[in-house]
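**Student:** Numbering (the numbering used here), first residue to last: 96 to 217.
Positions of the beta carbon are idealized from the N, C-alpha and C atoms, including for glycine.
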Amino acid sequence: MKLDLIPPSDLLEKARELVTQSLAHIGTLHSCGVPTVSRVAQALYTKPRTLRYLYRLRYQQSFHTFIQEQRLETSKRLLRQGIHVSSVANLLEYSAPQNFARAFKRTYKVTPSNYILIVGIP
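See below:
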């Protein structure tokens, strides 16, 4: 069944669901990698451009930004599980641990290493 025929709001909800489900499996055997706009659009039988346009129209935010926010939320979960910072960066497909640390600090105003200390992870 082609999902192009469903209403845009349903398409966007399915897209958000795909991202959160994909990231929920990061660090498990069921992981299929970090979602991208292209992967999500392909899974929903639509074009990336359509998905980006509809998402921005409805949420006043880019779909890419939503994915990045979800990646960072996932990183907090992984860090709380005791996974090392560089491993989290790798699991979330950052090109380098420094890029992950920079994005984390920009969003949460604390480095991943300090976050681990704050939440009391041994």
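Just how far apart, CA to CA, sit residue 176 and residue 111?
**Tutor:** Straight-line measurement puts the Cα of residue 111 at about 24 Å from the Cα of residue 176.
**Student:** Whose CA, out of 139, 195, 214, lies closest to the CA of residue 163?
**Tutor:** 195
**Student:** For residue 216, is the classification buried or exposed, using 16 other Cβ atoms within 10 angstroms of its Cβ as the cut-off for buried?
**Tutor:** exposed
**Student:** On a Cα-Cα basis, can you pick out the residue from 197, 207, 135 that is closest to residue 173?
**Tutor:** 207
**Student:** Between the alpha carbons of residue 117 and residue 189, how many angstroms are there, rounded?
**Tutor:** 16 Å
**Student:** Buried or exposed, going by whether 16 or more other CB atoms sit within 10 Å of the CB of residue 201?
**Tutor:** Classification for residue 201: exposed.
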